[in-house]
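Numbering (UniProt numbering), first residue to last: 1 to 740. Ideal placement from N, C-alpha and C gives every residue a C-beta, glycine not left out. Below is one structure, written out as structure tokens; the observations come after it.
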Ligand code: GLC
């Protein structure tokens, strides 16, 4: 058997190599025919008119320049009709080099999936791969070749609005998710149902000082390698076709001109063969950074550092040819960038058929496939996190007589899409998105009476709606409140210094609670929010993020127990903004706080509990799980050996459910101090009532390794604690072992 696999693998590798060889020959032949202007044209990307995702520079000559071969790619052009129109212009150019169409298909195209941070809360790698796969099917059917996703920026700061777009604070979870999303988007790249992925933002954008978007990033190389780079490497290992650099400077050098990042690491050490696109205008913005004096110098710095394609700053368009003539930019650099881009155009089959992705019938079918909404509903339910459920208010009985559904989010449609939803022209959100109200109506029977009141807006201080809300609450058996921040309070350029619930929503909750009715609160947000009063007093809280097209149905599935919530937080929730940055895998310090109230001569605040509000990995279920029989195959291992870990999980409650079993390690002593706890593996296990399953993990040297102060990745002998838990703060079983 092994021989067959080996032969098969060798055959596949030979086929791939020969395919690549053929493409290289075609690229080299085409390059020889190209003028310098046509070469630079391939490095130039302009936006279309569908969705402004950055400061627009109107270019009235776009169409002419496409016909002259001076533009190689467009973004924000939606639909086969429009992509075909632009592609027809490109086919009028001298060499008929097809355009690449890119789009921010971040969490779905027409079928909108939960925002990536919500999906990350599902910890369901297969579901996230499927979500990306469906997004790719819909986007590719609409003429898109390339998505600017996955965003893999680790972030430990919920003030940063773009946490909604990533996978949270943990490097291990983020790396696994990055891999799954690239696999989902790209499938078999070149297949008509696939799009190129674009891993972003390279690099460390999520560590912006103060959580303020576009702000500087200052960190040690060791921290960069240990915490922020691994998800990028994981995405590359998954075969990512492209990377996007980031707006921030890293230690004083803008990422766009950061040779260390783009040439030494990405194209050098990691041998990346794809191409790097700048972020929107990031090349030209180096003037504002104070790194270069003008766009010409920006072009020189960027191309030298390895930025292959210029999104929207016109630096390459207007200055590269001159820089080549002045012998400041070797033509070899231009040729390398052009070849990287042309290789992908050949790989996608665009030279064979520039209209391959422009089939209106396929578009119609793909954008109206009910299976896509079904998948969106399933992952949405899996993304919901049950933060609290005292007195088991949840799940609600389907025999319940009267439910009051109150709050500014109850009847909203577009809000549920979250930031980075593709705004398809003419899309009727009322028809496209299932509101939370509609979801509830779809769920309950005719014997259940639903009452509604908005109560208040998300912003402003008007309490005029309180009286009506209180009145219907008094008529109900249970009150569900749906509150949160607006969809556009998180996302790009949406940093918040105050991440409390906006407006008078907390007061609305308090007023409803004063009725004495059982209260369930749904919190809709693109980031962790601060809601201490609610967290302290409301018995049942579901974190519903932004769940996309099927939000209402997914929320109803969870409220009534048709899906037993299994989500776990991918980010720590602070008690106050003053606690930020707060994350689970922190160092001990020399004076660790023994408990959450300690303040005297320990590393803690004197005015705030030391623990976060909700910890990384937290999430409850309607059932309960017992952990037992933790076994390690060895208590001592050498670095070339492994430990097999097994643990039994039993469903000891009344509902079938899924538990995300988390394996954490602590390296007790290291040449670089090690975090008090680090996620090193996890498994989702589904259990019927009373069922027990034994699950296995493997501890290998990779899991014991870290970057030392020479940037060498490896393990060091010593003692390790092993912890198995339902969250990073709910450790159920412990053991230890020694690395010899
Ligand atoms: C934006 C974002 C980037 C996006 C690009 C194109 O500014 O930073 O993530 O892919 O521009 O919309």
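Query: Check whether the Cβ of residue 300 sits closer than 7 Å to any heavy atom of the ligand GLC, and report yes or no.; Result: no
Query: Measure the CB-CB distance between residue 741 and residue 545 and report whether it falls below 8 Å.; Result: Since the first residue of the chain shown is 1 and the last is 740, residue 741 is not available in this structure.
Query: Just list the residues that DSSP pairs residue 266 with in beta bridges.; Result: Answer is none; residue 266 lacks a bridge partner.
Query: Taking just the CA atoms, how far does residue 689 sit from residue 650?; Result: 8 Å
Query: Within the same chain, show all residues whose beta-carbon is closer than 7 Å to that of residue 739, passing over the 5 residues directly before and after it, in chain order.; Result: 637, 639, 704, 715, 717, 718, 720
Query: Over what stretch of residues does the beta strand (DSSP E) that includes residue 730 continue unbroken?; Result: 730 to 739
Query: Just the Cα atoms here: how many angstroms apart are residue 293 and residue 322?; Result: 16 Å
Query: Please report the straight-line C-alpha distance between residue 289 and residue 259, rounded to a whole angstrom.; Result: 16 Å
Query: Please name the residue or residues paired with residue 74 in a DSSP beta bridge.; Result: 46, 101
Query: If you compare alpha carbons, which of 156, 86, 97 is closest to residue 573?; Result: 156
Query: How would you label residue 654, buried or exposed, when you count the other beta carbons within 10 angstroms and need 16 or more for buried?; Result: exposed
Query: Distance, Cα to Cα, residue 396 vs residue 560?; Result: 5 Å
Query: According to DSSP, which residues form a beta bridge with residue 389?; Result: 540
Query: Identify, in the order they occur along the chain, each residue of the same chain with its Cβ nearer than 7 Å to the Cβ of residue 735, setting aside the five sequence neighbours on each side.; Result: 630, 632, 722
Query: Using a threshold of 7 Å, is the CB atom of residue 200 nearer than that to any non-hydrogen atom of the ligand GLC?; Result: yes
Query: Should residue 104 be listed as close to the ligand GLC, given that the test is whether its C-beta is under 7 Å from any heavy atom?; Result: yes
Query: How is residue 500 classed by DSSP in three states: helix, strand or coil?; Result: strand
Query: At the level of alpha carbons, what is the spacing between residue 171 and residue 183?; Result: 18 Å
Query: What number of angstroms, rounded off, separates the C-alpha of residue 198 from the C-alpha of residue 272?; Result: 12 Å
Query: Does DSSP put residue 466 in a helix, in a strand, or in coil?; Result: helix
Query: Use the C-beta contact count for residue 466: other C-beta atoms within 10 angstroms, 16 or more gives buried, fewer gives exposed.; Result: buried
Query: Going residue by residue through the segment 225 to 269, where are the continuous alpha helix (DSSP H) segments of at least 4 residues, counting only ones entirely within it?; Result: 230 to 237
Query: Would you call the segment 138 to 147 and the segment 102 to 112 touching, i.e. three or more CB-CB distances under 8 Å?; Result: yes
Query: Along the chain, where does the alpha helix (DSSP H) that runs through residue 442 open and close?; Result: 436 to 443
Query: Just checking my contact of residue 74 with residue 46 at CB under 8 Å: how many whole Å lie between their CB atoms?; Result: 6 Å
Query: Hey, residue 476 and residue 530: beta-carbon distance below 8 Å or not?; Result: no
Query: Alpha carbon to alpha carbon, what distance is there between residue 354 and residue 90?; Result: 9 Å
Query: Taking three-plus beta-carbon pairs below 8 Å as touching, is the segment 329 to 343 in contact with the segment 298 to 307?; Result: yes
Query: Count the other CB atoms, across all protein chains shown, that sit within 10 Å of the CB of residue 343; report buried if there are 16 or more and exposed otherwise.; Result: buried
Query: Closest by CA to residue 747, which one among 77, 64, 60?; Result: Since the first and last residues shown for the chain are 1 and 740, residue 747 lies out of range.
Query: Looking only at C-alpha atoms, which of 175, 212, 309, 434 sits nearest to residue 338?; Result: 309
Query: Helix, strand or coil: which one does DSSP assign to residue 128?; Result: helix
Query: How big is the Cα-Cα spacing for residue 153 and residue 674?; Result: 22 Å
Query: Three or more C-beta pairs under 8 Å: does that hold for the segment 374 to 393 against the segment 554 to 571?; Result: yes
Query: Quick check on the burial criterion: 16 or more other C-beta atoms within 10 angstroms. Buried or exposed for residue 445?; Result: exposed
Query: Beta strand (DSSP E) containing residue 361: first to last residue?; Result: Premise fails: residue 361 lies in the alpha helix (DSSP H), 360 to 366, not in any beta strand (DSSP E).
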